[in-house]
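Quick mapping for you: the protein sequence lines, in order, are chains A and B.
Just so you know, the first sequence maps onto residues 102 to 339 in this note's numbering.
Just so you know, the second sequence maps onto residues 33 to 158 in this note's numbering.
Just so you know, even glycine gets a beta-carbon here, dropped at the ideal spot from N, CA and C.
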Amino acid sequence: MTDPSLIWSYLAQGPLLWLTATLVAYLAGDACFRAAGRQSWANPVMIAVILLASLLWLTRTDYATYFEGAQFVHFMLGPATVALALPLYDNLPRVRRAFLPMMAALTAGSVTAVASALAIGRALGLDVAVLASLAPKSTTAPVAIGIAERIGGQPTLTASLVLLTGILGAIVATPLLNALRIRDWRARGFAVGVAAHGIGTARAFQVSETAGAFSGIGMGMNAVLTAIIAPLALRLFG
Amino acid sequence: MIMSLAVILGFQLVGEVASRALDLPLPGPVIGLCLLVASCLARPALAHRLRPVTMGLLQHLSLFFVPAGVGVVAHMALIRDQGIALALAIAGSTVLAIGVGALVFVAVAKLTGSTDASALKDAGDD
């Protein structure tokens with residue numbers, strides 16, 4: 102029999118192992134999510150991330166090695182974003198009718214997300230570089246990183262804060278919006294998309310296609326607005 | 033299926049090129065999304081052909097965030113240093129932003145008469 106360490110060194114080199122691990126971890130996360138009755142706290146992204154992080158730690162694999170395999174899955178974020186066009190197209194009559202509420206909710210949600218994050222962060226003593234990384238956390242990752250770089254933040258830290266915001270938003274949205282007695286799927290989806298970008302949108306699609314479509318729009322619109330608001334808010338709170 | 037994927041990737045490609053060439057604040061895939069909506073409006077048959085593949089992609093939208101999510105762990109030391117302040121800032125602002133956004137949406141929809149009975153959540157489910 103071949104020495105197991107040789108097999109391991111073969112696996113550690115190619116993308117096969119970590120690509121497979123990513124899919125299996127997601128399936129496990131999704132199975133937990135279904136077993137928990139599709140409750141938002143059993144977020145499949147969070148479960149998969151915890152499983153994979155533990156596995157990386159146990160095998161002493163660094164993130165760069167992992168990402169060589171996982172990049173094929175990561176790449177699909179782009180096409181999946183383009184695919185949001187279909188639910189948006191299907192909901193277009195609804196979207197047209199909701200133009201004013203959307204603009205108002207976008208402005209309110211986006212300003213609240215940036216300003217309250219900076220206000221809380223500053224009150225608790227975060228330094229300016231961290232605040233600059235925190236400011237764009239509610240927007241989709243590629244945009245957030247671009248904004249953070251422009252206002253003096255750290256791109257890697259921003260990417261992590263964006264992910265944490267998305268997972269948290271996906272978990273709190275359903276109980277929070279139920280407590281506020283908001284029954285309008287358009288409002289529920291849109292607010293989640295503005296505050297918690299793509300991960301919030303993925304959650305919205307789990308519960309309602311209308312919520313998902315409006316969440317996708319909220320995410321896209323907030324990408325533009327945060328680029329304008331974040332530098333201003335940082336000057337105010339930084 | 034291959035044709036649908038090629039069309040979707042094509043829209044992303046055009047979006048990426050436009051984003052860079054025109055120095056737009058929107059990322060390429062979001063521009064691709066807007067262009068695809070416009071194309072579906074011009075040719076509804078396109079939406080019909082793409083639907084099976086786009087629905088397949090969106091059903092597992094969560095999956096595509098996993099690799100970036102594992103990156104959080106790579107930066108754990110950085111996050112741990114200022115952990116509590118960051119956690120409170122993220123949690124506080126996300127809860128506030130979702131609540132404020134949804135309440136403002138509902139209030140303005142009522143004010144402008146753009147409520148939509150067909151988009152209401154049934155009282156029974158969660």
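Subject >> Spatially closest choice to A/Val244 from A/Trp109, A/Met322 and A/Leu333, by CA coordinates >> reply: Indexing the first sequence from 1 puts residue 244 of chain A at position 143. For the residues A/Trp109, A/Met322 and A/Leu333, the minimum Cα distance to A/Val244 belongs to A/Met322.
**OP:** Scan the region 167-180 of chain A for residues whose Cβ lies nearer than 8 Å to a Cβ of chain B and list them as they occur along the chain.
**Re:** If the cut-off is 8 Å between Cβ atoms, the region 167-180 of chain A has Tyr167, Phe168, Ala171, Gln172, Val174, His175, Met177, Leu178, Gly179 and Pro180 near chain B.
Original post:
My guess is that A/Ala260 and A/Ala233 are in contact by the Cβ rule of under 8 Å, so how many angstroms apart are they, rounded?
Top reply: The residue you call residue 260 of chain A lines up with position 159 of the first sequence. The residue you call residue 233 of chain A lines up with position 132 of the first sequence. With 8 Å as the limit, A/Ala260 and A/Ala233 do not qualify as a contact, their Cβ atoms being about 14 Å apart.
**OP:** Please confirm whether A/Val174 and A/Thr123 have their CB atoms less than 7 Å apart.
**Re:** Translated into positions along the first sequence, residue 174 of chain A becomes position 73. Translated into positions along the first sequence, residue 123 of chain A becomes position 22. Pairing A/Val174 with A/Thr123 gives a Cβ-Cβ distance under 7 Å.
Original post:
At a CB-CB cut-off below 9 Å, which residues of chain B make contact with A/Ile300?
Top reply: In the first sequence, the residue the question calls residue 300 of chain A occupies position 199. Per Cβ cutoff of 9 Å: Leu93, Ser94, Phe97 and Gly101.
**OP:** Give the C-beta separation of A/Ala305 and A/Gly290 to the nearest angstrom, bearing in mind that I take them to be a contact with Cβ-Cβ under 8 Å.
**Re:** The count along the first sequence starts at 1 and reaches residue 305 of chain A at position 204. The count along the first sequence starts at 1 and reaches residue 290 of chain A at position 189. Going by Cβ atoms, the distance from A/Ala305 to A/Gly290 rounds to 4 Å, so yes, they are a contact pair.
Subject >> For B/Gly156, three-class secondary structure by DSSP >> reply: Counting from 1 along the second sequence, the entry for residue 156 of chain B is found at position 124. Note that B/Gly156 scores a pLDDT of 45, beneath 50, so its modelled location is shaky and nothing firm can be said.
**OP:** Could you check what DSSP says for A/Asp191 in three-state terms: helix, strand or coil?
**Re:** Numbered from its first residue, the first sequence carries residue 191 of chain A at position 90. In this structure, A/Asp191 counts as helix in the three-state DSSP scheme.
Subject >> Proximal chain B residues relative to A/Phe338, where beta-carbon distance stays under 8 Å >> reply: Counted from its first residue, the first sequence places residue 338 of chain A at position 237. Neighbourhood of A/Phe338 in chain B, by CB distance below 8 Å: empty, with the nearest CB roughly 11 Å away.
**OP:** Thinking A/Gly270 and A/Ala297 are a contact (beta carbons under 8 Å), I'd like their distance in whole angstroms, please.
**Re:** Sequence index remark: in the first sequence, residue 270 of chain A carries index 169 (1-based). Sequence index remark: in the first sequence, residue 297 of chain A carries index 196 (1-based). Yes, they are in contact, since the Cβ atoms of A/Gly270 and A/Ala297 sit about 2 Å apart, within 8 Å.
Subject >> Cβ distance (whole Å) where A/Asn192 is taken to contact A/Ala334 below 8 Å >> reply: Here residue 192 of chain A is taken as the residue at index 91 of the first sequence, counted from 1. Here residue 334 of chain A is taken as the residue at index 233 of the first sequence, counted from 1. Contact between A/Asn192 and A/Ala334 does not hold, since the beta-carbon distance rounds to 31 Å and is not under 8 Å.
Subject >> Within-7 Å CB hit, B/Gly156 to chain A >> reply: One-based indexing of the second sequence puts residue 156 of chain B at position 124. Bear in mind that a pLDDT of 45 at B/Gly156, under 50, signals an unreliable position, so the number given afterwards is only what the model happens to contain. By this cut-off, B/Gly156 is not an interface position.
Original post:
Which residues in the same chain have their Cβ closer than 6 Å to the Cβ of A/Val231, if we skip the five residues on either side of it in sequence?
Top reply: What you label residue 231 of chain A is simply residue 130 of the first sequence in a count that begins at 1. The answer is none, since no qualifying residue turns up.
Subject >> Whole-angstrom distance between B/Arg75 and A/Leu264, CA atom to CA atom >> reply: Position 163 of the first sequence, counted from the start, is the residue given in the question as residue 264 of chain A. Position 43 of the second sequence, counted from the start, is the residue given in the question as residue 75 of chain B. CA-CA distance, A/Leu264 to B/Arg75, rounds to 36 Å.
Original post:
What residue does the alpha helix (DSSP H) around A/Arg282 start on, and which one ends it?
Top reply: Counted from its first residue, the first sequence places residue 282 of chain A at position 181. Segment: none, A/Arg282 is in no alpha helix (DSSP H) and carries neither H nor E.
**OP:** Give the secondary structure of B/Asp113 by DSSP, where H, G and I count as helix, E and B as strand, and everything else as coil.
**Re:** Here residue 113 of chain B corresponds to residue number 81 of the second sequence, with the count starting at 1. It is helical.
Subject >> Contact residues within the region 72-86 of chain B, judged by C-beta distance below 8 Å to chain A >> reply: If the cut-off is 8 Å between Cβ atoms, the region 72-86 of chain B has Cys72, Leu73, Ala79, Leu82, Arg83, Val85 and Thr86 near chain A.
**OP:** Grab me the residues of B/Gln36's own chain with a C-beta within less than 8 Å of its C-beta, minus the 5 sequence neighbours each way, in chain order.
**Re:** To locate residue 36 of chain B, count along the second sequence from 1; it is residue 4. Per the sequence shown, residue 36 of chain B should be read as Ser rather than Gln. Residues of the same chain with a CB within less than 8 Å of the CB of B/Ser36, apart from the 5 flanking positions on each side, are Arg81, Leu82, Pro84, Val85 and Thr86 in chain order.
Original post:
Helix or strand or just coil, what does DSSP make of A/Gln114?
Top reply: Counted from its first residue, the first sequence places residue 114 of chain A at position 13. Residue state, collapsed to three classes: helix.
Subject >> B/Ile122 at chain A interface by Cβ criterion, 7 Å >> reply: Walking along the second sequence from the start, residue 122 of chain B turns up at place 90. Yes, B/Ile122 counts as interfacial toward chain A.
**OP:** Determine which residues of the region 141-156 of chain A have a Cβ less than 7 Å from any Cβ of chain B, and write them out in chain order.
**Re:** Taken in chain order, the members of the region 141-156 of chain A whose beta-carbon sits within less than 7 Å of a beta-carbon on chain B are Pro145, Val146, Ala149, Val150, Leu153 and Ala154.
Subject >> Same chain, Cβ closer than 6 Å to B/Leu143, neighbours up to 5 away in sequence not counted >> reply: Working through the second sequence from its first residue, we reach residue 143 of chain B at position 111. Excluding residues within five positions, none has a Cβ falling inside 6 Å.
Original post:
Between A/Thr182 and A/Ile272, what straight-line distance do the alpha-carbon atoms span, to the nearest angstrom?
Top reply: Here residue 182 of chain A is taken as the residue at index 81 of the first sequence, counted from 1. Here residue 272 of chain A is taken as the residue at index 171 of the first sequence, counted from 1. Each residue's Cα considered, the two are about 21 Å apart.
Original post:
Between B/Cys66, B/Met33, B/Ile34 and B/Pro57, which lies nearest to B/Val46 when the distance is taken from Cα to Cα?
Top reply: The sequence position of residue 46 of chain B within the second sequence is 14, counting from 1. That would be B/Cys66, whose Cα lies nearest to the Cα of B/Val46.
Original post:
Counting along the chain, where does the alpha helix (DSSP H) carrying A/Ala184 start and finish?
Top reply: By 1-based counting over the first sequence, the position of residue 184 of chain A is 83. In the DSSP annotation of this structure, the continuous segment of the alpha helix (DSSP H) that includes A/Ala184 starts and ends at Leu178 to Ala184.
Original post:
Can you tell me the Cα-Cα spacing of B/Val132 and A/Gly170, whole angstroms?
Top reply: Position 100 of the second sequence, counted from the first residue, corresponds to residue 132 of chain B. Position 69 of the first sequence, counted from the first residue, corresponds to residue 170 of chain A. B/Val132 and A/Gly170: Cα-Cα distance of roughly 40 Å.
Subject >> Same chain only: Cβ atoms within 7 Å of B/Asp157, ignoring 5 sequence neighbours per side >> reply: Residue numbering aside, residue 157 of chain B sits at position 125 when the second sequence is read from its first letter. Note that B/Asp157 has pLDDT 47, beneath the 50 cutoff, so the model's placement of it is unreliable and no number is given.
Original post:
Distance, Cα to Cα, B/Leu68 vs A/Ser110?
Top reply: For the purposes of this step, residue 68 of chain B is taken as the residue at position 36 of the second sequence. For the purposes of this step, residue 110 of chain A is taken as the residue at position 9 of the first sequence. The straight-line gap from Cα to Cα measures roughly 44 Å.
Original post:
Using a beta-carbon distance cut-off of less than 8 Å, what residues from the region 102-116 of chain A approach chain B?
Top reply: Answer set for the region 102-116 of chain A: empty.
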